[in-house]
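Visitor: I'd like to ask you about the structure that follows.
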Amino acid sequence: MMKIKQFEFNPFPVNCYLVFDDTKQAALIDAGMWTEKEEEELARYIEQHDLTLSCLLNTHMHFDHCMDNAFIFQKYGLRTTAHTRDEFFVQNIALQAAQFNIKLRRDPQEIGSYINEGDEIHFGNTTLKALHVPGHSPGSIVYYCEKEAVIFSGDVIFKRSVGRADLPGGDFHTLIKGIKEKLLPLPDETVIYPGHGPKTTIGEEKRYNMYLI
Ligand SMILES: [Zn+2]
Ligand SMILES: [Zn+2]
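Heads up: take any position in the sequence shown, counting from 1, add 918, and you land on my numbering.
Right, dumping it as structure tokens:
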């Protein structure tokens, strides 16, 4: 049985998900911790639940979702997994943050391994499959757990909304096309855990999301 612990980190705020199962192997999806207090909150949860963090995954490489990848490397020895087409964001992470008047505490961290459409991530008894849905960023990945009927959608789709497409490498048409082709065909009951805001389901968004109707 999969467990999902949602954290809201940094001023944006970003939903970061710690996903684990009975084996106590865990994956962190997006590392958006900004303050020391947020880092402690994550580390304490991992410790108190006796979890082993076995991978760090990024939905995409906008700074608010990966600003603390360096902390995860320092504390747990893990480098992130992300799509190669988002690699260009890594070098200008401080600049991206500065545009929003945010000063980062840690240096950017290189991507450790690349993930692409159809790739699978395994930890414990859990399998997450990568769906590449560009348009918000060129390398946006949605992580899909078919067995549990959940997706972690990053900034691709939100409750009643979709990601912005006006950032570097973004394209609105590509985003909508990708959502319609790869996400909407998933079973209606599939729960969407987005990078910002409340969760929703595929069925609800098919009916009520004005960008997709
Ligand atoms: Zn983003
Ligand atoms: Zn975001």
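For each residue, glycine too, the CB sits at the ideal point set by N, CA and C.
#1: Entirely within the segment 985 to 1027 and at least 3 residues each: give me those beta strand (DSSP E) ranges in chain order.
#2: Here's the rule I'm using: 16 or more other beta-carbon atoms within 10 Å means buried, otherwise exposed. How should N933 be labelled?
#3: Is D1084 near ligand 1, in the sense that its beta carbon is under 6 Å from a heavy atom of that ligand?
#4: What residue range does the alpha helix (DSSP H) around H1091 cover?
#5: Excluding the 5 residues flanking G1096 on each side, which residues of the same chain have their C-beta closer than 7 Å to its C-beta?
#6: Nearest to T1119 by alpha carbon, out of G1042, G1113, L1102, A949?
#7: Would you say the beta carbon of H967 is closer than 6 Å to some non-hydrogen atom of ligand 1?
#8: Quick check on L960: does DSSP put it in helix, strand or coil?
#9: Tell me which same chain residues have a C-beta within less than 6 Å of the C-beta of L996, skipping the five on either side of it?
#10: Tell me whether H1040, by its Cβ, gets closer than 6 Å to a heavy atom of ligand 1.
#11: Express the C-alpha separation of E954 and E1064 in angstroms, rounding to a whole number.
#12: Inspect the beta-carbon positions of F981 and Q1014 and report whether they are closer than 7 Å.
#13: Report the three-state DSSP secondary structure of L1102 (helix, strand or coil).
#14: Pull up the CB-CB distance for I1033 and A1016, whole angstroms please, since I reckon it's below 8 Å.
#15: Drop a sphere of 10 angstroms on the beta-carbon of R1082, count the other beta-carbons inside from all chains shown, and report buried for 16 or more, exposed for fewer.
#16: Taking the DSSP output, what are the residues bridged to T941?
#17: Which word fits P1056, buried or exposed, when buried means at least 16 other C-beta atoms lie within 10 angstroms of its C-beta?
#18: Out of L946, P1086, V1080, H967, point me to the one whose CA is closest to K1117's CA.
#19: Would you kindly report the start and end of the unbroken alpha helix (DSSP H) that includes K1124?
#20: For I1059 versus T977, is the C-beta distance shorter than 7 Å?
#21: Using the C-alpha atoms, what's the distance from D986 back to H967?
#22: Any heavy atom of ligand 2 closer than 6 Å to the CB of G1036?
Guide: The relevant details are as follows:
#1: Taking 3 residues as the minimum length, the beta strand (DSSP E) runs contained wholly in the segment 985 to 1027 are 998 to 1000, in order along the chain.
#2: Along the sequence shown, read from residue 1 onward, the residue named residue 933 stands at position 15. The residue is buried, with at least 16 neighbouring Cβ atoms inside 10 Å.
#3: Start at 1 with the first residue of the sequence shown, and residue 1084 comes out as number 166. No - ligand 1 has no heavy atom lying nearer than 6 Å to the Cβ of D1084.
#4: Looking up residue 1091 in the sequence shown gives position 173. For H1091, the enclosing alpha helix (DSSP H) begins and ends at 1090 to 1096.
#5: On the sequence shown, residue 1096 is found 178 positions in, with the first residue counted as 1. Scanning its chain for C-beta atoms nearer than 7 Å, with the 5 sequence neighbours on each side dropped, one finds around G1096 the residues V1051, P1052, G1053, in chain order.
#6: For this step, residue 1119 is matched to residue 201 along the sequence shown. For T1119, the nearest C-alpha among the options comes from L1102.
#7: Counting from 1 along the sequence shown, the entry for residue 967 is found at position 49. No - ligand 1 has no heavy atom lying nearer than 6 Å to the Cβ of H967.
#8: Numbered from its first residue, the sequence shown carries residue 960 at position 42. Residue state, collapsed to three classes: helix.
#9: Reading the sequence shown from its first residue, position 78 is the one you call residue 996. Excluding its 5 nearest sequence neighbours in each direction, L996 has C-beta neighbours in its own chain below 6 Å: L974, I990, listed in chain order.
#10: Within the sequence shown, the letter at position 122 stands for residue 1040. Because no heavy atom of ligand 1 lies under 6 Å away, the Cβ of H1040 does not count as near it: no.
#11: If you number the sequence shown from 1, residue 1064 lands on position 146. If you number the sequence shown from 1, residue 954 lands on position 36. Near 35 Å, if we compare the C-alpha coordinates of E954 and E1064.
#12: As a working note, residue 981 is residue 63 in the sequence shown. As a working note, residue 1014 is residue 96 in the sequence shown. For F981 and Q1014, yes; Cβs fall inside 7 Å.
#13: Within the sequence shown, the letter at position 184 stands for residue 1102. In this structure, L1102 counts as coil in the three-state DSSP scheme.
#14: Numbered from 1 along the sequence shown, position 115 holds the residue referred to as residue 1033. Numbered from 1 along the sequence shown, position 98 holds the residue referred to as residue 1016. Between I1033 and A1016 the beta-carbon gap is near 28 Å, outside 8 Å, which marks them as no contact.
#15: What you label residue 1082 is simply residue 164 of the sequence shown in a count that begins at 1. It counts as exposed.
#16: Residue 941 sits at position 23 when you count from the first residue of the sequence shown. The partner list for T941 (beta bridge, DSSP) is empty, contrary to what the question assumes.
#17: To locate residue 1056, count along the sequence shown from 1; it is residue 138. Burial call: buried.
#18: Position 199 of the sequence shown, counted from the start, is the residue given in the question as residue 1117. Check the Cα spacing between K1117 and each of L946, P1086, V1080, H967: the tightest is with V1080.
#19: In the sequence shown, counting from the first residue as 1, residue 1124 sits at position 206. Element bounds for K1124: 1120 to 1126.
#20: Taking the first residue of the sequence shown as position 1, residue 1059 is located at position 141. Taking the first residue of the sequence shown as position 1, residue 977 is located at position 59. Yes.
#21: Working through the sequence shown from its first residue, we reach residue 967 at position 49. Working through the sequence shown from its first residue, we reach residue 986 at position 68. For the pair H967 and D986, the Cα-to-Cα distance works out to about 21 Å.
#22: Start at 1 with the first residue of the sequence shown, and residue 1036 comes out as number 118. Every heavy atom of ligand 2 is 6 Å or more from the Cβ of G1036, so no.
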